[in-house]
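Protein chains in written order, with my numbering: chain A, 1 to 470; chain B, 471 to 612; chain C, 613 to 901.
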Amino acid sequence: MSKKLVFHPITRIEGHAKVTLVLNDGNVENAYFQVTEFRGFERLLVNRPIEEAPLIVPRICGLCSPSHHLASVKALDEIFGLTPQENVIRLRELLHYAGFLHSHLLHLFILYLPDILFSDIKPNPGFIGMIKSYPSLVKDVLEIRGFAQQILEVLGGSSIHPSATMAGLFLNPLKPSQRTELRDKASKSIKLFNTIVETIKDKLSEVLENSISFPSNFVSLHSKSDYPLYHSDEIHVISSKGELLTYFQHNDYLEVIREKTVSWSYAKAPYLKLTNDGYYRVGPLARFNINSKFHSENSEDFAKQFLYNVPSPICMSEYYNIVRIAEIKYVLDKILEILSSERILEYTYLQRDLKPMNSDGIGVIEAPRGLLIHHYRVDDYGYIKYANLIVATVQNTPIIEKEIIARSQQVISKYGVSEDKLYNTISRMIRNYDPCLSCATHTSNIPFTLEIHIKNENKVLFYPTFSSTP
Amino acid sequence: MQKVGVFRPKIIGFLCNWCGYAAADLAGNLRKTYSSNLRIVRVMCSGRVDPIHILYAFQHGADGVLIVGCHLGDCHYINGNYKAKMKVNFLKKFLQEMGINPDRLHIDWASAGEGNRFANIVDDFIYKVIKLGPCEIKYVRL
Amino acid sequence: MNTKLTLAIFPLIGCSGCENALLDAWRVNDDLFNNFEIIYSPLLADFEEPDHVDVGIVTGNVRFHEDINKLLRWHKKSKVLVALGSCACYGGIPGLLNLQNIQSVINDIYSPKISLDNYDMPKLIENVKSIAEFVNIDIAIPGCPPPKNLIIKLFEHLLKGEPLILPDKSVCNECPLNTSEDKVIRNIKRFSLEPITPNKCFLEEGVLCLGPITRTGCDARCIKVNTPCRGCMGYLYNIDEAVVKFLSSVSSMIDEKSRNIDIDKIKDLTGLLYRFTLASSKLNFIKRG
Ligand code: SF4
Ligand code: SF4
Ligand code: SF4
Ligand code: FES
Numbered sequence: 001m002s003k004k005l006v007f008h009p010i011t012r013i014e015g016h017a018k019v020t021l022v023l024n025d026g027n028v029e030n031a032y033f034q035v036t037e038f039r040g041f042e043r044l045l046v047n048r049p050i051e052e053a054p055l056i057v058p059r060i061c062g063l064c065s066p067s068h069h070l071a072s073v074k075a076l077d078e079i080f081g082l083t084p085q086e087n088v089i090r091l092r093e094l095l096h097y098a099g100f101l102h103s104h105l106l107h108l109f110i111l112y113l114p115d116i117l118f119s120d121i122k123p124n125p126g127f128i129g130m131i132k133s134y135p136s137l138v139k140d141v142l143e144i145r146g147f148a149q150q151i152l153e154v155l156g157g158s159s160i161h162p163s164a165t166m167a168g169l170f171l172n173p174l175k176p177s178q179r180t181e182l183r184d185k186a187s188k189s190i191k192l193f194n195t196i197v198e199t200i201k202d203k204l205s206e207v208l209e210n211s212i213s214f215p216s217n218f219v220s221l222h223s224k225s226d227y228p229l230y231h232s233d234e235i236h237v238i239s240s241k242g243e244l245l246t247y248f249q250h251n252d253y254l255e256v257i258r259e260k261t262v263s264w265s266y267a268k269a270p271y272l273k274l275t276n277d278g279y280y281r282v283g284p285l286a287r288f289n290i291n292s293k294f295h296s297e298n299s300e301d302f303a304k305q306f307l308y309n310v311p312s313p314i315c316m317s318e319y320y321n322i323v324r325i326a327e328i329k330y331v332l333d334k335i336l337e338i339l340s341s342e343r344i345l346e347y348t349y350l351q352r353d354l355k356p357m358n359s360d361g362i363g364v365i366e367a368p369r370g371l372l373i374h375h376y377r378v379d380d381y382g383y384i385k386y387a388n389l390i391v392a393t394v395q396n397t398p399i400i401e402k403e404i405i406a407r408s409q410q411v412i413s414k415y416g417v418s419e420d421k422l423y424n425t426i427s428r429m430i431r432n433y434d435p436c437l438s439c440a441t442h443t444s445n446i447p448f449t450l451e452i453h454i455k456n457e458n459k460v461l462f463y464p465t466f467s468s469t470p
Numbered sequence: 471m472q473k474v475g476v477f478r479p480k481i482i483g484f485l486c487n488w489c490g491y492a493a494a495d496l497a498g499n500l501r502k503t504y505s506s507n508l509r510i511v512r513v514m515c516s517g518r519v520d521p522i523h524i525l526y527a528f529q530h531g532a533d534g535v536l537i538v539g540c541h542l543g544d545c546h547y548i549n550g551n552y553k554a555k556m557k558v559n560f561l562k563k564f565l566q567e568m569g570i571n572p573d574r575l576h577i578d579w580a581s582a583g584e585g586n587r588f589a590n591i592v593d594d595f596i597y598k599v600i601k602l603g604p605c606e607i608k609y610v611r612l
Numbered sequence: 613m614n615t616k617l618t619l620a621i622f623p624l625i626g627c628s629g630c631e632n633a634l635l636d637a638w639r640v641n642d643d644l645f646n647n648f649e650i651i652y653s654p655l656l657a658d659f660e661e662p663d664h665v666d667v668g669i670v671t672g673n674v675r676f677h678e679d680i681n682k683l684l685r686w687h688k689k690s691k692v693l694v695a696l697g698s699c700a701c702y703g704g705i706p707g708l709l710n711l712q713n714i715q716s717v718i719n720d721i722y723s724p725k726i727s728l729d730n731y732d733m734p735k736l737i738e739n740v741k742s743i744a745e746f747v748n749i750d751i752a753i754p755g756c757p758p759p760k761n762l763i764i765k766l767f768e769h770l771l772k773g774e775p776l777i778l779p780d781k782s783v784c785n786e787c788p789l790n791t792s793e794d795k796v797i798r799n800i801k802r803f804s805l806e807p808i809t810p811n812k813c814f815l816e817e818g819v820l821c822l823g824p825i826t827r828t829g830c831d832a833r834c835i836k837v838n839t840p841c842r843g844c845m846g847y848l849y850n851i852d853e854a855v856v857k858f859l860s861s862v863s864s865m866i867d868e869k870s871r872n873i874d875i876d877k878i879k880d881l882t883g884l885l886y887r888f889t890l891a892s893s894k895l896n897f898i899k900r901g
């Protein structure tokens, strides 16, 4: 007898989704992580002028809009054959780091932390409960978020959907007074964040004790000299055992990463071409496993306490949040570093006549939730003919589905089929990944041919052989 | 069975008071015959024609819109016809994006004395519209 | 004593930027925000949907059949219904997809043989719609994302129980860039691909800027970072009227004697003029492929 359990909606994640579990005699046969959203950005970009893309794509996601903006600008640099000046890059980085701060703080403290703080209150009051029970914590968090917001507003006009930079350019250079003001706030925010982390440290360690390992491959940008969030176009793929499976330059991404569609969701499912099971994780955990060094004092200290003592690569999704904290420390350090030097002010707003030099432009960047690829193809006049966006959350969905199966199996063997327990475990597990579903639902322009999952009886076989032509 | 009738396009003509309209008058006086599908709206100057008028016409069932003004340089309000020309250029692009064939919009010039020229402009345009068939956009919403 | 006004944030299909903007504006233990209590928001808490709420804030646009029912239900439940963000007010950027045939978009991705029905996926409606097409909105706060000071103003007005009237001035009114007396366009340029004189009005430099028809309220925040306005706050007039007014005034500003005018450079007027508002246009666009 097979039975379907539907959990709808999954709350405190960005966007709309539900989970369908297929049970058979107390065994979890299958799980679908269904994204019930549809936005179609890849299609609506077609025929738009390329210089408008950085103004349109931020609207894919209100939480990581700076990342989308910058990924598309990187692609534009390629199309117009430009290498931006050093200071342009620094200003872009500043924008990117501020975006990280804004997004990570939201996820950790507003969406995720209530899981720990209110684990036995039903229904979980989330942020609203935090305002009531932990007002000073919330105030501090909102203050650092306010700092991130201020950087984004100063540089990009708006904290959400900034429009600061264009092919080869940064449109709005920093003024000296702004630099000193932001610099002072940066050092304050670092201190404030350190105290916040102290207060929640014990709670975090508790959660880590119960973490469950779930092996997978990992994919992220790699760099020897820095923790690569903006720089670096080299992508590494490692296995769950830590071997380097392959590495490639960003413009070869289609050789390694493919996307296919599944019939139960409006989001696509990417996979690695080279391995048997194509699942992989992206995001903070993947970044840490691949780069394993933060190049920043503050986060190194933190990592020593929480990360370096765990065998690498870390395969427990609970650790996503730990790496996130280390990353917040990292970006705060970096923001201070950039703002401390006056070099950032030496900047001329250089304008040139630009003509598309290459028909294709690919921009990769590490967004808060993981590897983000923007790929545009333009005609001779610079109008978009084709756009392909591979965003972080989509890459995580197949592995999320797998992990749902594993975890719900454990819950069922321990407590029987308890919907409450299942919902709690599943939604918490999903929240570790910080999925962002409005990002996930973009559609492809060029159809990918594929064989669809074969359904026999109530069994859906996952990912049989298929062909895919980009 | 569908009845196949003769397609009689609806054409709206915006004629400037000083030249286009006068030319139409003259064409009448000369007993010059031109197609009767043209419905004339007299405006003071071709520059007075707002893109909204043209869009309104198309959205309400016109198959073509013709604007006739004074020859370039002869506008009685100095440069109204230049502006009309630029508006038409922009609007043609916009019509194309909406899915309406831009050839359905035409701007031309005829002085008060050119009755024949006016009749030819109208006949040519109507011939063109007949070849294009009924307007791509049919139902009315605005 | 509990006299707090209850607040529910109802999300339709959007990017969560509006909720995020609301959070950015939210201050803890503040005289203003202390008067409100959020009782429903899937993003922020696990609470069940309430039966009644003082203020219902809807974000996002209508994309699925089920969204319509949700919207009607929420409308009934809320004493005051607020549309927050351009997606809710006008359809937003996803409205640009209305230029394309949704069935062909779907067919491109999904083989016609399989149907999403088997998995209880919500069904798409043909066109993206703004929520104003289905319910009466009491207060509309446009913007993508809505500007922080407007959100704060919204709460002030909710508290006082007064209607919020948006400023009826254009973005040009707040624009810090210099304009000249004669207002002539001598050249048509594409933004960021051709050099322009700094600190001069974009439109006069030949870069199409929607400032003249766009309602202000955003402090001209894009222009302050040297980006032309794209009209996210919605227009001062009826949408289609505003768009043609813009076309008509731009064509009148063009210097007819200039040799540099090449309007063929602009191949995408719709995507520019209806960037955030296509879903609310009353014009009849023929769908492509
Ligand atoms: S209006 Fe803008 S910020 Fe708000 S949901 Fe829509 S796209 Fe996002
Ligand atoms: S058109 Fe644009 S740049 Fe010019 S004044 Fe208006 S808002 Fe400013
Ligand atoms: S300047 Fe224009 S596009 Fe920018 S926020 Fe204001 S209304 Fe929106
Ligand atoms: S008066 Fe005839 S075109 Fe202006």
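All C-beta atoms, glycine included, are put in the ideal place defined by N, C-alpha and C.
| query | result |
| --- | --- |
| Segment limits, beta strand (DSSP E) that includes A/L476 | Nothing can be reported for residue 476 of chain A: it is not among the residues displayed for chain A, which extend from 1 to 470. |
| Any chain C beta carbon closer than 8 Å to B/I522 | yes |
| C/A854: CB within 7 Å of a non-hydrogen atom of ligand 2 | no |
| CB contact flag (C/L693, C/V747, <8 Å) | yes |
| Check: B/H546 C-beta below 7 Å from any heavy atom of ligand 4 | yes |
| Environment of B/K562 [buried if 16+ CB atoms lie within 10 Å] | buried |
| Amino acids of chain B, ordered along the chain, whose beta-carbon sits closer than 8 Å to that of C/S690 | Neighbours of C/S690 on chain B: none; closest Cβ ~30 Å, over 8 Å. |
| For review: beta carbons within less than 5 Å of any heavy atom in ligand 1 | A/R59, A/G62, C/G626, C/C627, C/G629, C/C630, C/G697, C/S698, C/C699, C/G704, C/C756, C/P757 |
| Near-chain D residues of the region 364-396 of chain A (beta-carbon distance less than 8 Å), N- to C-terminal order | In the displayed structure, chain D is absent; the protein chains listed are A, B and C. |
| heavy atom of ligand 3 below 7 Å from A/T393 C-beta | no |
| Where the alpha helix (DSSP H) containing A/D115 begins and where it ends | 113-117 |
| Test item, CB below 6 Å from any non-hydrogen atom of ligand 3 | C/V783, C/T826, C/C830, C/A832, C/R833, C/C834, C/I835, C/C841, C/R842, C/G843, C/C844, C/M845 |
| Interface residues of chain B facing C/F897 [CB-CB closer than 9 Å] | E567, M568, G569, I607 |
| Residue-chain proximity (C/F648, chain A), Cβ-Cβ < 8 Å | no |
| Simplified DSSP assignment, three categories, for A/Q149 | helix |
| Beta-carbon proximity check, C/L776 vs C/I749, cutoff 8 Å | no |
| Assigned secondary structure, A/Q395 (DSSP; H/G/I helix, E/B strand, else coil) | helix |
| Cβ-based contacts, 7 Å cut-off: residues of the region 53-72 of chain A near chain C | L55, I56, R59, I60, C61, G62, L63, S65 |
| Near ligand 4: C/W638 beta-carbon under 7 Å from a heavy atom | no |
| For A/N251, the nearest candidate out of A/K421, A/L372, A/I290, A/Q351 (CA to CA) | A/L372 |
| The region 381-395 of chain A in contact with the region 33-46 of chain A per 3-pair CB rule at 8 Å | yes |
| Nearest to C/V674 (by Cα), restricted to the options C/G704, C/P810, C/I898 | C/G704 |
| Neighbour flag for C/I705 against chain B, beta carbons, 8 Å | no |
| Opposing strand residues paired with A/M316 [DSSP bridges] | A/S213 |
| Separation of C/N710 from C/P623, as counted between CA atoms | 21 Å |
| Rounded straight-line distance, which links the Cα of C/L778 to that of C/P759 | 12 Å |
| Test: A/Q149 CB closer than 8 Å to a CB of chain C | yes |
| Contact with chain A by C/I808, beta-carbon distance below 8 Å | yes |
| Span of the alpha helix (DSSP H) around A/N298 | 297-306 |
| Residues of the region 830-855 of chain C whose Cβ lies closer than 7 Å to any Cβ of chain A, in chain order | R833, C834, K836, V837, N838, T839, R842 |
| Beta-carbon proximity list for B/G569, same chain, < 6 Å, skipping 5 on both sides | E606 |
| Cβ-Cβ separation, A/I13 to A/L108 (assumed contact under 8 Å), whole Å | Contact flag wrong, Cβ pair sits at about 13 Å. |
| Cβ neighbour criterion (16 or more within 10 Å) applied to A/V141 | buried |
| Buried/exposed call for B/E567, threshold 16 Cβ in 10 Å | buried |
| Sequence-distant residues of its chain with Cβ nearer than 6 Å to A/Q395 (five each side left out) | P270, V282 |
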